[in-house]
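Undergrad: For the sequence shown, the working numbering begins at 215 and goes up steadily by one.
One structure, pasted below without further comment.
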Amino acid sequence: MGKETREILSRLVCEMRKDIWFFASCGALVGFLIIWQFRLREMGIAEGESWPSALFGDFVSFNAFGLIFIGLLGLGAAAAVLNTVGIKWRRLVNTVTHLESRLVQVTSALMSFTVGVSVSALVHSLFTTTLGGIKLTFMILLFNAMLFVGFYSSALVARRVEPFNRWWASTLMLVFALGMTIWLVVRGSS
């Protein structure tokens, strides 16, 4: 594992150490509130839109993560392409560095929050002897793996780690980022 890849992983681990207690606690609380709201709705006490579910949906925003991910991927690839042809645009490089720091923060908070939600789901499954919490935990693990791969791959491109230090690889990533943007605009968010 190269120096750059170790540094990328180290930044995420360092950020998660700072985030895990607060955001996992918030996630666990929201998870328990979702369960409580569901039970109250079953008893006919709760009505209207579920506030805990809305909290979960607002916090775990794949759209916000996707915007920063695609932005970092695209701008990092553009900076790499320009660099390979001898153009060094300092403002673009600074923007890429800033976006990477934001993406590590967003990724850490999302992963920590969803770990908390999965803890509440697992505890609920243990007390009710149902498999729903285990299924949810598995889905959250897949979601966190997807977040990690998105963060890690965009950071590799942004840092111009080999092979992304070559014009053709960076050009492919730039085309990929533009293609994803166009696809999301055409297909919409649902």
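By construction, the Cβ of each residue, glycine as well, lies at the ideal position given by its N, Cα and C atoms.
Alanine 268 and glycine 330 - do their beta-carbons sit closer together than 8 angstroms?
TA: Cβ atoms of glycine 330 and alanine 268: not closer than 8 angstroms.
Undergrad: Quick check: isoleucine 248 and serine 264, are their CB atoms within less than 8 angstroms of each other?
TA: It is a contact, given that the beta carbons lie within the stated cut-off.
Undergrad: Give the range of the alpha helix (DSSP H) segment to which glycine 271 is assigned.
TA: Start and end: 265-273.
Undergrad: How many angstroms separate the CA atom of phenylalanine 273 from the CA atom of valine 299?
TA: So the two alpha carbons sit approximately 40 angstroms from each other.
Undergrad: Give me the Cβ distance between alanine 335 and glycine 347, rounded to the nearest whole Å; I'm assuming they're in contact under 8 angstroms.
TA: Confirmed, Cβ separation roughly 4 angstroms.
Undergrad: Work out the CA separation of threonine 343 and phenylalanine 283 for me, nearest whole Å.
TA: Rounded to the nearest angstrom, the two C-alpha atoms are 38 angstroms apart.
Undergrad: Assign methionine 257 to buried or exposed, taking buried as 16 or more other Cβ atoms, counted over all protein chains shown, within 10 Å of its Cβ.
TA: Exposed: under 16 other Cβ atoms inside 10 Å.
Undergrad: Buried or exposed for valine 295, going by 16 or more other Cβ atoms inside 10 Å?
TA: With 16 or more other Cβ atoms within 10 Å, it is buried.
Undergrad: I believe tryptophan 303 touches alanine 291 by the beta-carbon criterion, under 8 angstroms. Please report the beta-carbon distance rounded to the nearest angstrom.
TA: No, tryptophan 303 and alanine 291 are not in contact; Cβ-Cβ is about 13 angstroms, not under 8 angstroms.
Undergrad: Spatial neighbours of valine 310 within its chain, please: C-beta separation below 6 angstroms, excluding the five flanking residues on both sides.
TA: The answer, listed in chain order, is Leu289, Gly290, Ala293, Ala372.
Undergrad: Determine the burial state of arginine 401: buried for a count of at least 16 other Cβ atoms within 10 Å of its Cβ, exposed for fewer.
TA: Classification of arginine 401: exposed, given that the 10 Å Cβ count is below 16.
Undergrad: With a threshold of 8 angstroms, are at least 3 pairs of Cβ atoms found where one atom belongs to the stretch 384-400 and the other to the stretch 227-237?
TA: Too few Cβ pairs lie closer than 8 angstroms, so no.
Undergrad: Can you tell which of Leu226, Glu221, Ala383 has its C-alpha closest to the C-alpha of valine 320?
TA: Residue Leu226 is the option with its Cα nearest to valine 320.
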